[in-house]
Amino acid sequence: MQGLEREAVVVIHPLVGYREAPACATDLGRSCVALSRHRAHATVIVDADADLVLAPAQREAPRDARLATQRHVLAALLALG
23 MQGLEREAVV
33 VIHPLVGYRE
43 APACATDLGR
53 SCVALSRHRA
63 HATVIVDADA
73 DLVLAPAQRE
83 APRDARLATQ
93 RHVLAALLAL
103 G
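Numbering of the sequence shown is given in the numbering used here, commencing with residue 23 and proceeding in unit increments.
If you want it as structure tokens, here you go:
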């Protein structure tokens, strides 16, 4: 979707299905692109277990701002229901 914009977009969160946190899945640029391609509506598919992946990764690298940001964004998405 890089560079494309649509009225409605279905976004699959980058960590859906992962059980570890590879750099490509926690890259903030991927999340930004995915979450900014809709004009009117975005449906985000989120894996509720994604925080179980992010939490240990953040404990291993507590100063990694991208992991903290990913956890914050994930919590906000999960709170939306």
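Beta carbons are placed, not taken as given, at the ideal position from N, Cα and C, and that holds for glycine.
>> In the DSSP output, which residue or residues are listed as bridge partners for T65?
In response: V32
> Quick one: what's got a C-beta closer than 7 angstroms to V95's C-beta in the same chain, skipping five residues either side?
Replying inline: S53
>> Taking the alpha helix (DSSP H) that S53 belongs to, which residues open and close that run?
In response: Counting along the chain, the alpha helix (DSSP H) containing S53 begins and ends at L50 to L57.
> Going by other Cβ atoms of all chains shown within 10 Å of its Cβ, with 16 needed for buried, is A62 buried or exposed?
Replying inline: exposed
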